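Terminal number for the sequence shown in numbering that gives the first Met the number 0: 185, no gaps in between.
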Amino acid sequence: MKNELILLCHAATHAMKTGMFPTLHDPIEHLERPRLSALASVYVPDRVITSPSHAAVETGRTFGIEMSADAQWSDLDHGRWQGRSLKEIYDEETGALSAWLSEPDSAAHGGESLEALQGRVRRALDEQRDDGTTVIVTHAIVIKVVLAVVLDAPLTTVYRMDLEPLSAVTLTRADDTWRLRCKSSI
């Protein structure tokens with residue numbers, strides 16, 4: 000059998016739409032609910048794993064099957080910046096923000112660096128050995144770091160990737176190597 004991962008960015012939250020650093024408890028936007036109902040017809044997974052965040056769990060429920068939350072798929076820990084706007088951080092901590100955006104080992108916010116997230120993501124990928132299709136509902140930055148890992152790209156490339164809410168990336172495993180898979184939309 001095949002081992003396929005569908006990494007799904009959770010539905011949009013108010014924080015995402017207003018340029019704020021996320022918190023664990025951000026609910027999805029009400030206007031996202033109609034889009035969620037279409038997911039179950041697009042993806043038919045054997046398993047659903049979510050980040051423990053409220054938005055990821057809400058998105059994962061769409062599939063109507065038992066799911067599990069796994070902290071390895073959690074969003075980057077933004078430390079003291081959680082719940083604050085990007086503009087506010089820029090105004091108050093310009094140097095720290097600049098360091099965080101340019102240095103993968105920076106945890107200027109007192110939380111987790113991109114390098115630490117990369118280590119967590121590598122461990123999480125290594126654990127995905129079940130045959131069949133697994134949907135993992137997680138966060139844009141986590142998916143970007145997964146792509147950097149799979150493509151063996153520098154971590155700074157994550158700042159050149161844009162992932163919209165409910166966008167998906169498919170990975171397949173051949174031997175012990177993950178591959179990016181792009182499917183036709185028609």
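C-beta: ideal position from N, C-alpha, C; glycine also.
This structure is a prediction, so every number in the text was calculated from the model and none was measured.
Cα-Cα separation, G139 to S40: For this step, residue 139 is matched to residue 140 along the sequence shown. For this step, residue 40 is matched to residue 41 along the sequence shown. Just to set this straight, residue 139 is Ala in the shown sequence, not Gly. Spanning the two alpha carbons is a distance of roughly 22 Å.
Less than 8 Å between the CB atoms is what I'm expecting for L7 and L165, so what's the real figure, rounded? Here residue 7 refers to the residue found at position 8 when the sequence shown is read from its first residue. Here residue 165 refers to the residue found at position 166 when the sequence shown is read from its first residue. The pair is a contact, with the Cβ atoms about 7 Å apart (cut-off 8 Å).
A107 to L23, Cα distance in whole Å? Here residue 107 refers to the residue found at position 108 when the sequence shown is read from its first residue. Here residue 23 refers to the residue found at position 24 when the sequence shown is read from its first residue. One alpha carbon belongs to A107, the other to L23, and they sit about 20 Å apart.
Exposed or buried, L113, counting other C-beta atoms within 10 Å across all chains shown (16 or more means buried)? Here residue 113 refers to the residue found at position 114 when the sequence shown is read from its first residue. Within a 10 Å sphere around the beta-carbon of L113 sit 16 or more other beta-carbons, which makes this residue buried.
Here's the rule I'm using: 16 or more other beta-carbon atoms within 10 Å means buried, otherwise exposed. How should K143 be labelled? Locating residue 143 in the sequence shown gives position 144, counting from the first residue. In this structure K143 is buried. Its beta-carbon is surrounded by 16 or more other beta-carbon atoms within 10 angstroms.
In angstroms with no decimal places, state the Cα-to-Cα distance between E126 and L154. The residue you call residue 126 lines up with position 127 of the sequence shown. The residue you call residue 154 lines up with position 155 of the sequence shown. For E126 and L154, the gap between their C-alpha atoms comes out near 21 Å.
A14 and E31 - do their beta-carbons sit closer together than 8 Å? For the purposes of this step, residue 31 is taken as residue 32 along the sequence shown, with counting starting at 1. For the purposes of this step, residue 14 is taken as residue 15 along the sequence shown, with counting starting at 1. Cβ distance not < 8 Å, so E31 and A14 don't count as in contact.
Measuring CB to CB, does L124 end up less than 8 Å from V148? In the sequence shown, counting from the first residue as 1, residue 124 sits at position 125. In the sequence shown, counting from the first residue as 1, residue 148 sits at position 149. Contact: yes.
Alpha-carbon to alpha-carbon, S101 and F20: Residue numbering aside, residue 20 sits at position 21 when the sequence shown is read from its first letter. Residue numbering aside, residue 101 sits at position 102 when the sequence shown is read from its first letter. Here the alpha carbon of F20 sits roughly 17 Å from the alpha carbon of S101.
Per the DSSP calculation, T133 is bridged to which residue(s)? Counting from 1 along the sequence shown, the entry for residue 133 is found at position 134. As DSSP reads the structure, T133 sits in a beta bridge with L4 and R46.
Could you check where the alpha helix (DSSP H) with A14 kicks off and where it finishes? Stepping through the sequence shown from its first residue, residue 14 is reached at position 15. Its alpha helix (DSSP H) spans residues H13 to T17.
Can you give the Cα-Cα distance for T186 and G18, rounded to whole angstroms? A query on residue 186 cannot be resolved here, the shown segment of the chain reaching from 0 to 185 and no further.
For F62, which residues from the same chain have a beta carbon less than 8 Å from its beta carbon, with the 5 sequence-adjacent residues on both sides left out? By one-based count along the sequence shown, residue 62 stands at place 63. Spatial neighbours of F62 in its own chain (CB-CB distance under 8 Å, excluding positions within 5 residues in sequence) are listed in chain order as L38, A39, Y42, P44, V47 and V134.
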